[in-house]
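This report concerns only the one structure given below.
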Amino acid sequence: MNKKEKIEQQIRETLDQFEHADQLPPNPFFYTRVKARLDERHQQSHVFFAILKPALLAVLVAMNLSTAFWYVSVDNQVTQVDSHQELIELLGSDLKLDNNQSNILDYK
Amino acid sequence: MQSHKSMDKFTNFRSIVESHQEKVRTTCFRYVHNAEDADDIAQEVFVQVYESLTHFREDAELSTWIYRIAVNKSLDFLRKKKRKKRFAQLTTLFGFDEGKEEIILPASGDPQQDMEANEQKHVLNTAIERLPENQQTVITLSKYQGFSNKEIADIMKLSLSAVEALMHRAKKNLHKRLYNYYEKIA
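First to last, the protein sequences are chains Y and G. Taking numbering that gives the first Met the number 0, the leading residue of the first sequence gets 0, the next gets one more, and so forth. Taking numbering that gives the first Met the number 0, the leading residue of the second sequence gets 0, the next gets one more, and so forth.
This is the structure we're talking about:
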């Protein structure tokens, strides 16, 4: 048998090991472990939401309170006007119109 | 109603785990060569299966999908391991073999023959490990797990002709690697 034939023979024998490959021995606790892993994940997500829920609620309450506070403070700043002319001037100044343009609001 | 549904899901899930666990565990083992790691990956496979169970109705589709997850998770594990290895060259410096193990076959009664068989298995596994990922997958699924080319095509989401071409290249490469190895030690 020459060298090449000998190598080919060794390769054939090595490839024969595919036929002799055994299965892993059964693990009787496999399902229990998968179930434990699932329960653990479920628990973790519960803990996460148990923390997240009050935090979200607190953010919502804070947003509501700040909106209410802002609304009330803005309401106090509303300027009362007595006459139509005063209203036009006020709007003119708010819109930054000069004197020549302020008459565009005077539609009467 | 809800609890009845979830009970059904669990019963269904249990039967899926029981019917596929051995093949999934062995598939993972063929990649990682460590029983504990293989069990760990296989458990992760079934956790993912449980989380997406409602999307699957046909059993054939489900089993193909399970093996696809098993292959992908095993390859991910190997990639992570390779990355870790690059940063931990010290282990190879001191010659540790990272818990690689072979399944022990029943002894033939001839220690010399057993030793040769174990050596051949080691050489074969090392040669397979050095193949490109997709060639490694077709060889593992076909030769070790006994999947048909059609099943492999479904698992790998490839056409049948692509799997056949891949298989041809894989066998050729495997032969070449084994030849080089035996030529070197001859």
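Virtual Cβ for every residue (Gly too), placed ideally from N, Cα, C. Treat the numbers as computed from the prediction; the structure is a model and nothing was measured.
Distance CB(residue i)-CB(residue j) smaller than 8 Å
i, j, result
"G/Ser73", "G/Thr26", "yes"
"G/Gln47", "G/Ile68", "yes"
"Y/Leu37", "G/Ala37", "no"
"G/Gln134", "G/Asn179", "no"
"G/Arg29", "G/Tyr143", "yes"
"G/Ala169", "G/Leu123", "no"
"G/Ile119", "Y/Glu12", "Rather than Ile, the amino acid found at residue 119 of chain G in this sequence is Gln. It is a contact, given that the beta carbons lie within the stated cut-off."
"Y/Pro27", "G/Glu21", "no"
"G/Ala41", "G/Val23", "yes"
"G/Lys149", "G/Leu157", "no"
"G/Leu77", "G/Val44", "no"
"Y/Gln9", "G/Tyr181", "yes"
"G/Ile138", "G/Ile127", "yes"
Residue i in three-state terms, based on DSSP
i, result
"Y/Pro24", "coil"
"G/Arg67", "helix"
"G/Met0", "For G/Met0, the pLDDT reaches just 44, beneath the cut-off of 50, and the residue's location in the model is therefore unreliable, leaving the point undetermined."
"G/Pro131", "coil"
"G/Phe146", "coil"
"Y/Glu12", "helix"
"Y/Ile6", "helix"
"Y/Asn109", "Since the first and last residues shown for chain Y are 0 and 107, residue 109 of chain Y lies out of range."
"G/Asn33", "coil"
"Y/Leu90", "helix"
"Y/Lys52", "helix"
"G/Val44", "helix"
"Y/Val80", "coil"
"G/Ser51", "coil"
Given residue i as reference, the closest of the options once Cα atoms are compared
i, options, result
"G/Leu140", "G/His121, G/Glu115, G/Thr53 and G/Val162", "G/Val162"
"Y/Gln16", "G/Ile184, G/Phe146, G/Ser147 and G/Thr125", "G/Thr125"
"G/Tyr49", "Y/Arg40, Y/Leu55 and Y/Gly91", "Y/Arg40"
"G/Asn117", "Y/Lys2, Y/Phe47 and Y/Leu14", "Y/Leu14"
(request) Could you please tell me which residues of the stretch 18-34 of chain Y, in chain order, have their CB closer than 7 Å to any CB of chain G? (result) His19, Ala20, Asp21, Gln22, Leu23, Pro25, Asn26, Phe29, Tyr30, Arg32 and Val33
(message) Tell me which residues of the stretch 51-78 of chain G have at least one Cβ-Cβ distance to chain Y shorter than 9 Å, keeping chain order.
(response) none
(request) For the stretch 118-133 of chain G, enumerate the residues whose C-beta is nearer than 7 Å to any C-beta of chain Y, in chain order. (result) Gln119, Lys120, Val122 and Leu123
(request) Please name the residues in the stretch 17-35 of chain G whose beta-carbon is closer than 7 Å to at least one beta-carbon of chain Y, in chain order. (result) Glu17, Gln20, Glu21, Arg24, Thr25, Phe28 and Ala34
(request) Could you name the residues of the stretch 162-179 of chain G whose beta carbon sits closer than 7 Å to any beta carbon of chain Y, in the order they occur along the chain? (result) His174, Leu177 and Tyr178
(request) With 8 Å as the limit, tell me which residues of the stretch 134-156 of chain G have their beta carbon closer than that to any beta carbon of chain Y; keep them in chain order. (result) Lys142 and Tyr143
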